[in-house]
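Heads up, the thing below is written out as structure tokens.
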Amino acid sequence: MLKLNLRGLAVTTALYCLAGGALAAAPTVQVLDQNWTFRLSPEDAGAHPEAAGWLKATVPGTAQTDLMALKKLPDPYLADNEGKVQWVGLSDWQYRTEVTVSAETLARGHVEMVFEGLDTFAEVRVNGTPILNADNMFRTWRADVKALLKPGVNVVEVDLKSPLKKMKPLVADMPYVMPGAYDSLWGDEPLGRNSSTYVRKAGYQYGWDWGPRLVAIGIWKPVKIEAWDDARVADFHVAQVHLDDQVAAVNAVVDIQSSAVTPASVRVDITAPDGTTQTTTQDISLYSGNNPVSLPIQIKNPQRWWPAGYGKPNLYTVKATVTQGGDVIGEWVRKIGLRTTEIRREKDQWGKSFEIVVNGVPIFAKGANMIPFDMFPTRVTPAEQDRMLQSAVDANMNILRIWGGGTYQDDHVYDKADELGLMVWQDFMFGGAIIPYDRDFRESTRIEAVEQVKRLRNHPSIVLWAGNNEVQTDWENWGAGTDALKTGVSPEERDKIVIGMVRMFDQVLRGAVDQNSPGTPYWASSPSTDYDGAADQDTDGDRHYWKVWGGKPVEEYLNVTPRFMSEYGLQSFPDMATIKTFASEKDMAPESPVMRGHQKYDKGNGNKRLLLYIHNNYGEPKTFADFVYLSQLMQADGIELAATHLRAARPQTMGSMYWQLNDVWPGASWASVDYYGRWKALQFRAKRFYAPLSVSLVHKDGAMEAHVLSDLTTEKALNWRLRVRDLSGKVLSEKTGALTVAPLSSPSIGTFSDSDLLAGASAQTSQVELELLDGDAVVAKVFNYAGVSKDIAWTDPKLKTAIVAASGSYDLTVSASAAARGVWIDVGGLKADLSDNSFDMAGGDSVTVHITTNVSLAQLKKTLKVRSYFGSATPFKG
């Protein structure tokens, strides 16, 4: 008996004998993932004869990735190749396969062809007859093909139209174009007349300020033939009705599609985290049409799902089995978590709160925004997805926001988030541009939203659905193109645009969530006040803060205290090992064509902005490698400053999600983990500033402000020690104290003026160290300075290293003879995970870092380098 796992569905393909001797079968699935070919559409083939003939295709896949595999297209991530591949997204493509269908399949009552994802404008034909026209990459397309298929070989053809070519004449004829999308750098669309906002396709593929323009085209999700007789199981979900410590009440709902009046039986088995199982059965009479069958079940002493850091992410396995005449016609397996979630908004002294509350506990959301894993989603592996989510949890994050300009992620991503206790803020796929208001666009999006909410509603990790990214604040605050639209159209047309946005984000998408996942909160836009007022406010709702990076110094973060910070960020370059994967030695300069090409902010001018922030606090980099190092140090310092300020402001602020966790390609960006999974300095720093028990030491207005940052759920008695050292490590002064830290709090240790703290010592030769102690054990430590790094009189710390074999791999001990700023352990291109990195040291200190790797000790010693800020920059004069 063969079982195929497809999107959570286990489909049994064996045949069964029903009562009375008639031979019938359970629904069967024939996956169409073999023998596909593709070619450039004949009308486009003249300019690229290398793609004119039929070529081997991978389904799921894209034309770009197949052409690369066939060595007919250069890798767009390398050097300046991005421009050389634009023709693929500007061309139409044809896909074709031959499918052998058995007579037994065609004898079934229903035979349907299912396309789980077509990217994006597609006509599908079976044996020459059109069966569907697609226009939305986020939807599943299903067509009855029983009358079109024949026993033996059948031909399936898919014609994919370039969204750029298809939309260009339509956009050209429009009296105005909706603003908010990024202009193409390649001249394929007129500036300011971008088509992406009119297409239900991943917006980031049209280019963003952290990724290239690679307009993917292809069959990007599985294709299959489903055959069934009188009934099939169309969906299964578990709706939570009630939850307390004594009992959870759920409804196990099986949607059965039937073509006749016929009896059936439903059995639901629920296996608890401890392995105990309870079973509920129900006999039913199906009618023709969709039959939602609901089995009410009570679970005693429920084991709740908790976010990371607050308890175990307990999961129940729920299996639904539908039978007719004692034979199985469908099985579904879901993993669910029992939990409550809400957005708590209450008036207080700071305005109106914004708290994500899980199981009645207000959670300080610690995390980042997550963009797609690659420009071509089809080549991302589950292992890569697992590594990125594990990196988030390893850095003590408890939430990720899946941003609205990309794609809804694979089931595997949400499964992994469920297992890790990683909360997900899920945007619908709108990336910032003002949307069209026509009915067809809205209806296609409604169907998309219902499909996606139904697909994902069983995941306890999804604690919030948001209507879009930055659409409301685009309309209200972005100026330029948006203001030109507001003043350039009639008041009546302007009202239609506003009403269209409100209908979509306050009604259509909210309705999709409320009706299909009623236990999950909905938020109209990010940032917003959920249409209670203007977007992007400090006193209400969530905030995207970009004045830092927009030109204001990083210290400005200390003057902004929103209720929930859902975006803020600083750029950096990835490690030199990653840079060397796309650039050669001649390219190693910030303004080289290749570096500008891999810097998408401000059309390649972002490296000047990076240097502005490096110059502010660190000076002029001496070499390109120093520039890369200092970009990461600057990013880590700045985001640490903001994140610890936000945590210290609890409960006024209840969320910190910096922009961004990951990359879609190797290049400069706001990511803390680069495209190859290498942690930047920021990710290591996040592991410390997001730790359940941490400290902050912020220099502001001539004083050090110290806080304990606790996400512990129980009270904790701790001691603290604040010391001033000179750069040799000598302790010049010391203050100590004790405090009992309440659960989920950020109590102040105190504010210490520079004059009191330094007591006559020079700020240029002093280092301030704050330690948090549990008994004699140091559980958190942070350094700070009364001046910026470039003004400190650093001396060579003469860093020394010693490596010894240890459990799992190696222990590396770094010793410093003098204060060291931003110590960085560089393992080059080796595959290795470090327990710590990007830290400061006092003179005379030693720090031991565990390195997990499969390489030999000799290879590690040969590759390893350790550096600090000393010697990386000269004072900037500008």
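Residue numbers (my numbering): 16 to 893. Virtual Cβ for every residue (Gly too), placed ideally from N, Cα, C.
Beta strand (DSSP E) runs contained entirely in the segment 211-278, provided each spans 3 or more residues = Counting whole runs of 3 or more residues, the segment 211-278 contains the beta strand (DSSP E) stretches 238-243, 246-258 and 262-273.
With respect to the alpha helix (DSSP H) encompassing Gly526, which residues constitute its N-terminal and C-terminal limits?
Here residue 526 corresponds to residue number 511 of the sequence shown, with the count starting at 1. Counting along the chain, the alpha helix (DSSP H) containing Gly526 begins and ends at Leu524 to Asn531.
Could you check if Glu58 is buried or exposed, using at least 16 other CB atoms within 10 Å of its CB as the buried criterion? Indexing the sequence shown from 1 puts residue 58 at position 43. Here Glu58 is exposed, its C-beta having fewer than 16 other C-beta atoms within 10 Å.
- Task: Quick one: using the 10 Å Cβ neighbour count with 16 as the cut-off for buried, is Ala41 buried or exposed?
- Result: Translated into positions along the sequence shown, residue 41 becomes position 26. Ala41 should be labelled buried.
_Where Ser839 falls: helix, strand or coil (DSSP)_ = Position 824 of the sequence shown, counting from 1, holds the residue named residue 839. The sequence given here has Trp at residue 839, not Ser. DSSP, reduced to helix, strand and coil, places Trp839 within a strand of the structure shown.
| field | Length of the line joining the Cα atoms of Ala835 and Asn799 | value | Stepping through the sequence shown from its first residue, residue 835 is reached at position 820. Stepping through the sequence shown from its first residue, residue 799 is reached at position 784. The alpha-carbon atoms of Ala835 and Asn799 are separated by roughly 12 angstroms.
I'd like the ranges of any beta strand (DSSP E) spanning at least 3 consecutive residues and lying wholly in the segment 37-107. Counting whole runs of 3 or more residues, the segment 37-107 contains the beta strand (DSSP E) stretches 38-40, 43-46 and 52-55.
Option nearest Trp225 by Cα separation, candidates Gln667, Lys615, Lys165 and Gln647 = Numbered from its first residue, the sequence shown carries residue 225 at position 210. The shortest Cα separation from Trp225 among Gln667, Lys615, Lys165 and Gln647 belongs to Lys615.
Helix, strand or coil at His474 [DSSP, three-state]
Here residue 474 is taken as the residue at index 459 of the sequence shown, counted from 1. In this structure, His474 counts as coil in the three-state DSSP scheme.
Do Gly233 and Trp108 count as a contact pair if the criterion is CB distance below 9 angstroms? As a position in the sequence shown, residue 108 is number 93, starting the count at 1. As a position in the sequence shown, residue 233 is number 218, starting the count at 1. Yes.
* Can you tell me whether DSSP reads Ile594 as helix, strand or coil? -> Your numbering for residue 594 matches position 579 in the sequence shown. Residue state, collapsed to three classes: helix.
Exercise for the section: On a CA-only basis, which of Thr422, Pro451, Thr43 and Ile840 is nearest Pro190? Give me that one, please. Expected result: Numbered from 1 along the sequence shown, position 175 holds the residue referred to as residue 190. Nearest neighbour of Pro190 by Cα position, chosen from Thr422, Pro451, Thr43 and Ile840, turns out to be Pro451.
My guess is that Ser274 and Asp245 are in contact by the Cβ rule of under 8 angstroms, so how many angstroms apart are they, rounded? Taking the sequence shown and counting its residues from 1, the one referred to as residue 274 is at position 259. Taking the sequence shown and counting its residues from 1, the one referred to as residue 245 is at position 230. About 6 angstroms separates the two Cβ atoms, so the contact holds.
Next on the checklist: For the structure I just gave you, are there three or more beta carbon pairs, one from the segment 117-133 and one from the segment 153-170, closer than 8 angstroms?
Outcome noted: In this structure the segment 117-133 touches the segment 153-170; the number of beta carbon pairs closer than 8 angstroms is three or more.
Classification of Ala39 by the beta-carbon crowding that lies within 10 angstroms, buried from 16 upward: On the sequence shown, position 24 is the one that residue 39 refers to. Note that Ala39 scores 42 on pLDDT, short of 50, meaning its location in the model is unreliable; the coordinates nonetheless yield the value given after this. Around the beta carbon of Ala39, a 10 Å sphere encloses 16 or more other beta carbons of the protein chains shown; the residue is thus reported as buried.
*asked:* Considering just the uninterrupted stretch of the beta strand (DSSP E) at Pro307, what are its terminal residues?
replied: As a working note, residue 307 is residue 292 in the sequence shown. If you look at Pro307, you'll find it in the beta strand (DSSP E) that goes Gly304 to Lys315.
Next on the checklist: Let me make sure I understand the geometry here. Which of Lys731, Val269, Gly76 and Leu648 has the alpha-carbon closest to that of Ile344?
Outcome noted: The count along the sequence shown starts at 1 and reaches residue 344 at position 329. Of the listed residues, the one whose Cα sits closest to Ile344 is Val269.
How many angstroms separate the CA atom of Asn151 from the CA atom of Gly670?
By 1-based counting over the sequence shown, the position of residue 151 is 136. By 1-based counting over the sequence shown, the position of residue 670 is 655. For Asn151 and Gly670, the distance between alpha carbons rounds to 33 angstroms.
Check whether the segment 803-814 touches the segment 718-725, taking contact to mean three or more Cβ pairs, one atom from each stretch, closer than 8 angstroms. No: fewer than three Cβ pairs fall under 8 angstroms.
Checklist entry - Within 10 angstroms of its Cβ, does Thr338 collect 16 or more other Cβ (buried), or is it exposed? => result As a working note, residue 338 is residue 323 in the sequence shown. Label assigned to Thr338: buried.
*Return the chain-ordered list of same chain residues with a C-beta closer than 8 angstroms to the C-beta of Asp430, the five sequence neighbours on each side being excluded.*
Locating residue 430 in the sequence shown gives position 415, counting from the first residue. Around Asp430: Lys350 and His474.
- So which of Asn316, Ile299 and Ile314 has the shortest CA-CA distance to Val308? Counting from one through the sequence shown, the residue named residue 308 turns up at place 293. Looking only at Asn316, Ile299 and Ile314, the smallest Cα-Cα distance to Val308 is reached by Ile299.
| query | By Cβ distance below 7 angstroms, which residues in the same chain neighbour Asp498 in space, the five residues on each side in sequence not counted? | reply | Within the sequence shown, the letter at position 483 stands for residue 498. Cβ neighbours of Asp498 beyond the five flanking positions: none.
Is it true that the CB of Phe704 sits closer than 9 angstroms to the CB of Glu655?
Against the sequence shown, residue 655 aligns to sequence position 640. Against the sequence shown, residue 704 aligns to sequence position 689. Their beta carbons are under 9 angstroms apart, which means Glu655 touches Phe704 by this criterion.
### Message
Could you give the first and the last residue of the continuous alpha helix (DSSP H) run that contains Ser406?
### Response
Taking the first residue of the sequence shown as position 1, residue 406 is located at position 391. Start and end: Pro397 to Asp409.
- Query: Roughly how many whole angstroms lie between the Cα atoms of Lys86 and Lys562?
  - Reply: Residue mapping note: residue 86 aligns to position 71 of the sequence shown, counting from 1. Residue mapping note: residue 562 aligns to position 547 of the sequence shown, counting from 1. Just so you know, the alpha carbons of Lys86 and Lys562 end up roughly 44 angstroms apart.
- Task: Compare the C-alpha of Ser883 against each of Gly844, Leu872, Gly352 and Ser832 and name the closest.
- Result: As a working note, residue 883 is residue 868 in the sequence shown. Closest by alpha carbon: Ser832.
*asked:* Taking the straight line between their C-alpha atoms, what separation do you get for Leu415 and Gly326?
replied: In the sequence shown, the residue the question calls residue 415 occupies position 400. In the sequence shown, the residue the question calls residue 326 occupies position 311. Approximately 18 angstroms between the Cα atoms of the pair.
Handout entry: Length of the line joining the Cα atoms of Val256 and Glu458
Key = Position 241 of the sequence shown, counted from the first residue, corresponds to residue 256. Position 443 of the sequence shown, counted from the first residue, corresponds to residue 458. Answer to the nearest angstrom: the Cα atoms are 29 angstroms apart.
Is the separation between the beta-carbon of Leu754 and that of Val794 shorter than 9 angstroms?
Here the question's residue 754 lines up with position 739 in the sequence shown. Here the question's residue 794 lines up with position 779 in the sequence shown. Contact: no.
### Task
Report the option in Leu661, Val262 and Leu625 whose CA atom is closest to the CA atom of Pro311.
To locate residue 311, count along the sequence shown from 1; it is residue 296. Nearest C-alpha to Pro311: Val262.
In terms of alpha-carbon separation, which member of Ala801, Gln272 and Thr554 lies closest to Gln364?
Working through the sequence shown from its first residue, we reach residue 364 at position 349. Nearest C-alpha to Gln364: Thr554.
Considering only their Cβ atoms, is the gap separating Phe445 from Gln467 smaller than 9 angstroms? By one-based count along the sequence shown, residue 467 stands at place 452. By one-based count along the sequence shown, residue 445 stands at place 430. Gln467 is not a Cβ neighbour of Phe445, given a cutoff of 9 angstroms.
Confirm, please, whether the CB-CB distance from Asn384 to Trp674 is below 9 angstroms.
Within the sequence shown, residue 674 is the residue found at index 659, counting from 1. Within the sequence shown, residue 384 is the residue found at index 369, counting from 1. Going by C-beta atoms, Trp674 is nearer than 9 angstroms to Asn384.
For Asn484 and Ser541, which I take to be in contact (beta-carbon distance under 8 angstroms), what is that distance rounded to the nearest angstrom? On the sequence shown, position 469 is the one that residue 484 refers to. On the sequence shown, position 526 is the one that residue 541 refers to. At roughly 6 angstroms, the Cβ-Cβ gap stays under 8 angstroms, so Asn484 and Ser541 are in contact.
Can you tell which of Val230, Val173 and Leu175 has its C-alpha closest to the C-alpha of Leu200?
As a first step, residue 200 must be located in the sequence shown, where it is residue number 185. Looking at the Cα atoms, Val230 is the closest of the given residues.
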